[in-house]
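Asks: Provided herewith is a single structure, encoded as structure tokens, for subsequent inquiry.
There are 2 protein chains.
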Amino acid sequence: MGENAAATTAAIIVIGDEVLSGKVEELNARFLVRELRALGVAVRRIEVIPDVPDVIVDSLRAAAAGFDHVFTSGGIGPTHDDVTIPAIAAAFGVPVVRDEELSGLIRQVSPLERNLRMADIPEGATLLRGPGSADACWPVVAIRNVYILPGVPSILQRKFVMIRDRFRTSPFWSRAVYSREGEGVIAGVLDKAAADFPNVAIGSYPHIEATDHKVLITFDGRDKALVDRACEQIVVGLGAAVVRVE
Amino acid sequence: MGENAAATTAAIIVIGDEVLSGKVEELNARFLVRELRALGVAVRRIEVIPDVPDVIVDSLRAAAAGFDHVFTSGGIGPTHDDVTIPAIAAAFGVPVVRDEELSGLIRQVSPLERNLRMADIPEGATLLRGPGSADACWPVVAIRNVYILPGVPSILQRKFVMIRDRFRTSPFWSRAVYSREGEGVIAGVLDKAAADFPNVAIGSYPHIEATDHKVLITFDGRDKALVDRACEQIVVGLGAAVVRVE
Numbered sequence: 001m002g003e004n005a006a007a008t009t010a011a012i013i014v015i016g017d018e019v020l021s022g023k024v025e026e027l028n029a030r031f032l033v034r035e036l037r038a039l040g041v042a043v044r045r046i047e048v049i050p051d052v053p054d055v056i057v058d059s060l061r062a063a064a065a066g067f068d069h070v071f072t073s074g075g076i077g078p079t080h081d082d083v084t085i086p087a088i089a090a091a092f093g094v095p096v097v098r099d100e101e102l103s104g105l106i107r108q109v110s111p112l113e114r115n116l117r118m119a120d121i122p123e124g125a126t127l128l129r130g131p132g133s134a135d136a137c138w139p140v141v142a143i144r145n146v147y148i149l150p151g152v153p154s155i156l157q158r159k160f161v162m163i164r165d166r167f168r169t170s171p172f173w174s175r176a177v178y179s180r181e182g183e184g185v186i187a188g189v190l191d192k193a194a195a196d197f198p199n200v201a202i203g204s205y206p207h208i209e210a211t212d213h214k215v216l217i218t219f220d221g222r223d224k225a226l227v228d229r230a231c232e233q234i235v236v237g238l239g240a241a242v243v244r245v246e
Numbered sequence: 247m248g249e250n251a252a253a254t255t256a257a258i259i260v261i262g263d264e265v266l267s268g269k270v271e272e273l274n275a276r277f278l279v280r281e282l283r284a285l286g287v288a289v290r291r292i293e294v295i296p297d298v299p300d301v302i303v304d305s306l307r308a309a310a311a312g313f314d315h316v317f318t319s320g321g322i323g324p325t326h327d328d329v330t331i332p333a334i335a336a337a338f339g340v341p342v343v344r345d346e347e348l349s350g351l352i353r354q355v356s357p358l359e360r361n362l363r364m365a366d367i368p369e370g371a372t373l374l375r376g377p378g379s380a381d382a383c384w385p386v387v388a389i390r391n392v393y394i395l396p397g398v399p400s401i402l403q404r405k406f407v408m409i410r411d412r413f414r415t416s417p418f419w420s421r422a423v424y425s426r427e428g429e430g431v432i433a434g435v436l437d438k439a440a441a442d443f444p445n446v447a448i449g450s451y452p453h454i455e456a457t458d459h460k461v462l463i464t465f466d467g468r469d470k471a472l473v474d475r476a477c478e479q480i481v482v483g484l485g486a487a488v489v490r491v492e
């Protein structure tokens, strides 16, 4: 998949028994893949894992080593099932420390000692805000290439939007061709284009419920000219099978 | 998370660049977690990974060794991006072979030589159908504890429903309590119940958009009496904070 050869990559790790049990619909990975795509970042892995420290440690270590950015979602509140912060600290071999700035923010909104647990961060973590954010707004905790986001979708979205400009890179260029012939008929043409254009990601998706076409063929890459040429080659190769080009 | 201590476990591996790029909404893992939950199977991991053979091999090996059942979705058509079958074969160290029974089924519906690629399976794989299925219906290909499902949601659903009875185990028992106090206030009560009932999974989820409560507390386990007792202890502990019990 050549689209990603030189791309900035990311992994998303959703921490939450509630998603694995089907009780809660997963919205955070869905939001992040679209946002990151628009920023030019290629999400290469999504994991949904349970609230189990050892599992989080293993996933975090592999993802932090394998991708440019890692986004975690969930497990950062004040209750017994909020185990993300200690697990991330363990993954990097650092202790958990209580941050003074976060403690101050929490004390402004809550008299409860217990809520101060939300001021605990891995040692060496930094607090990130957006360029126009007031100092009083709640920051994103980040350590190395890991960005720690909450599980509540509306808060995750607000926090990600605040910091998203720092992830912006060159965007993807995309085309699409709809074929009235099925995959078996067009596979040879697709194979050749995939071989001729290693830096263009060519995807093939049967749309069995569609009435005017059978397959959607997608083209993605950072080099607009290459993407357009790959698309053109397939349009020529498919001939009368082409329903439309986007 | 005691709910899963003795549970039958499963992992779901979604293979597809189209989900990672945000072009296609992920429906298959969502369907499978609910179905498996209803059958009493605890999904302990979901991964969305790209159409890259080495990545599929690594994920497959880890999941097949770590969970009772593994379900894959996607990458099994006749085009260049359909790499799941060779990757699963490689994960188990077996060659890909063309299955005669599947070849016959394909020849009935398509004259295209190319489509016979969909008759390729890992050596040693079996073809599964449901108890009442006609021999002519399209089977699920399975090898050891791995069930290979397609990416098209409507077909995946039909195939899973055909074989689902073989995964049925003792069901979960669930309760829920809604609290008008936030997590910081109730965390002590939750901690104690989590420690007192290690075989009941107790989850705590802030509902910041709700108007009549602040937190949903969930209880899940295989032992109904234990689940009910854990729920009762928290209801007593929360006192006037309880909005309702389900």
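Note that the protein sequences, when read in sequence, are chains A and B.
Under the numbering used here, read the first sequence as residues 1 to 246, first letter to last.
Under the numbering used here, read the second sequence as residues 247 to 492, first letter to last.
Think of the CB as a built atom: it goes at the ideal place given N, C-alpha and C, for glycine as much as any other residue.
Taking 8 Å as the threshold (C-beta atoms), are residue 83(A) and residue 53(A) in contact?
Replies: On the first sequence, residue 53(A) is found 53 positions in, with the first residue counted as 1. On the first sequence, residue 83(A) is found 83 positions in, with the first residue counted as 1. Yes, Cβ-Cβ distance for residue 53(A) and residue 83(A) is below 8 Å.
Asks: Kindly indicate which three-state DSSP category residue 167(A) falls into: helix, strand or coil?
Replies: The residue you call residue 167(A) lines up with position 167 of the first sequence. It is helical.
Asks: CB-CB under 6 Å to residue 340(B), same chain, minus the five flanking residues each way: which ones, in chain order?
Replies: Here residue 340(B) refers to the residue found at position 94 of the second sequence. Result list for residue 340(B): 368, 369 and 370, in chain order.
Asks: Using the Cβ count rule (16 or more neighbours within 10 Å means buried), how would you classify residue 218(A)?
Replies: On the first sequence, position 218 is the one that residue 218(A) refers to. Buried, since its Cβ has 16 or more Cβ neighbours within 10 Å.
Asks: Of the choices 270(B), 359(B) and 409(B), whose alpha-carbon is the least far from that of residue 315(B)?
Replies: Position 69 of the second sequence, counted from the first residue, corresponds to residue 315(B). Among 270(B), 359(B) and 409(B), the Cα nearest to that of residue 315(B) is on 409(B).
Asks: Going straight from the alpha carbon of residue 424(B) to that of residue 485(B), what length do you get?
Replies: Numbered from 1 along the second sequence, position 178 holds the residue referred to as residue 424(B). Numbered from 1 along the second sequence, position 239 holds the residue referred to as residue 485(B). Spanning the two alpha carbons is a distance of roughly 12 Å.
Asks: What residue range does the beta strand (DSSP E) around residue 374(B) cover?
Replies: Taking the second sequence and counting its residues from 1, the one referred to as residue 374(B) is at position 128. Note, residue 374(B): beta strand (DSSP E), 372 to 374.
Asks: Which residues in chain B sit within 7 Å of residue 115(A), going by Cβ to Cβ distance?
Replies: Counting from one through the first sequence, the residue named residue 115(A) turns up at place 115. The answer, in chain order, is 430.
Asks: Could you work out which residue in 365(B), 277(B) and 430(B) is closest to residue 109(A) when comparing CA atoms only?
Replies: In the first sequence, counting from the first residue as 1, residue 109(A) sits at position 109. Looking at the Cα atoms, 430(B) is the closest of the given residues.
Asks: Which of the three DSSP states is assigned to residue 483(B) in this structure?
Replies: The count along the second sequence starts at 1 and reaches residue 483(B) at position 237. Helix at residue 483(B).
Asks: Closest to residue 352(B) by C-alpha separation, out of 483(B), 478(B), 383(B) and 457(B), would be which residue?
Replies: Position 106 of the second sequence, counted from the start, is the residue given in the question as residue 352(B). Closest by alpha carbon: 383(B).
Asks: With a 10 Å radius around its C-beta and 16 neighbouring C-beta atoms as the bar for buried, classify residue 5(A) as buried or exposed.
Replies: As a working mapping, residue 5(A) is identified with position 5 in the first sequence. Its pLDDT being 48, under 50, residue 5(A) is placed unreliably by the model, and the measurement read from it follows with that caveat. With fewer than 16 other Cβ atoms within 10 Å, it is exposed.
Asks: By Cβ distance below 8 Å, which residues in the same chain neighbour residue 415(B) in space, the five residues on each side in sequence not counted?
Replies: Residue 415(B) sits at position 169 when you count from the first residue of the second sequence. Cβ neighbours of residue 415(B) beyond the five flanking positions: 253, 254, 285, 286 and 287.
Asks: Could you name the residues of chain A that residue 269(B) contacts, counting a contact when the two beta carbons are closer than 7 Å?
Replies: For the purposes of this step, residue 269(B) is taken as the residue at position 23 of the second sequence. Within 7 Å Cβ-Cβ: 218.
Asks: So which residues of chain B does residue 188(A) contact, with C-beta pairs closer than 8 Å?
Replies: Position 188 of the first sequence, counted from the start, is the residue given in the question as residue 188(A). In chain order: 360.
Asks: Specify the secondary structure class of residue 277(B) as computed by DSSP and reduced to three states.
Replies: Counting from 1 along the second sequence, the entry for residue 277(B) is found at position 31. Residue 277(B): helix per DSSP, three-state reduction.
Asks: Return no unless some Cβ of chain A is closer than 8 Å to the Cβ of residue 327(B).
Replies: Taking the second sequence and counting its residues from 1, the one referred to as residue 327(B) is at position 81. Yes, because at least one Cβ of chain A sits closer than 8 Å to the Cβ of residue 327(B).
Asks: Helix, strand or coil: how does DSSP classify residue 139(A) here?
Replies: Counting from 1 along the first sequence, the entry for residue 139(A) is found at position 139. Here residue 139(A) sits in coil by DSSP.
Asks: Which residue or residues does DSSP assign as beta-bridge partners of residue 450(B)?
Replies: Within the second sequence, residue 450(B) is the residue found at index 204, counting from 1. Per DSSP, 463(B).
Asks: Where does residue 76(A) fall in DSSP's three states?
Replies: To locate residue 76(A), count along the first sequence from 1; it is residue 76. Here residue 76(A) sits in coil by DSSP.
Asks: Are the region 390 to 405 of chain B and the region 445 to 461 of chain B touching, with three or more C-beta to C-beta distances below 8 Å?
Replies: no
Asks: Quick check on DSSP: helix, strand or coil for residue 14(A)?
Replies: The residue you call residue 14(A) lines up with position 14 of the first sequence. Three-state DSSP puts residue 14(A) in a strand.
Asks: For a test of the three-state rule: what should DSSP assign to residue 478(B), helix, strand or coil?
Replies: As a working mapping, residue 478(B) is identified with position 232 in the second sequence. If DSSP states are grouped into helix, strand and coil, residue 478(B) belongs with the helices.
Asks: I need the straight-line Cα distance from residue 385(B) to residue 372(B), nearest angstrom please.
Replies: Within the second sequence, residue 385(B) is the residue found at index 139, counting from 1. Within the second sequence, residue 372(B) is the residue found at index 126, counting from 1. One C-alpha to the other measures close to 9 Å.
Asks: Just checking my contact of residue 261(B) with residue 319(B) at CB under 8 Å: how many whole Å lie between their CB atoms?
Replies: Residue numbering aside, residue 261(B) sits at position 15 when the second sequence is read from its first letter. Residue numbering aside, residue 319(B) sits at position 73 when the second sequence is read from its first letter. Contact annotation, residue 261(B) with residue 319(B): C-beta distance approximately 7 Å; criterion of less than 8 Å satisfied.
Asks: Starting from residue 298(B), trace the alpha helix (DSSP H) both ways and give me its first and last residue.
Replies: The residue you call residue 298(B) lines up with position 52 of the second sequence. Element bounds for residue 298(B): n/a, residue is neither H nor E.
Asks: Spell out whether any CB of chain A is found under 8 Å from the CB atom of residue 295(B).
Replies: Start at 1 with the first residue of the second sequence, and residue 295(B) comes out as number 49. By this cut-off, residue 295(B) is an interface position.
Asks: What residue from 187(A), 91(A), 45(A) and 159(A) has the CA that sits closest to residue 237(A)'s CA?
Replies: Here residue 237(A) refers to the residue found at position 237 of the first sequence. It is 187(A) whose Cα lies nearest to the Cα of residue 237(A).
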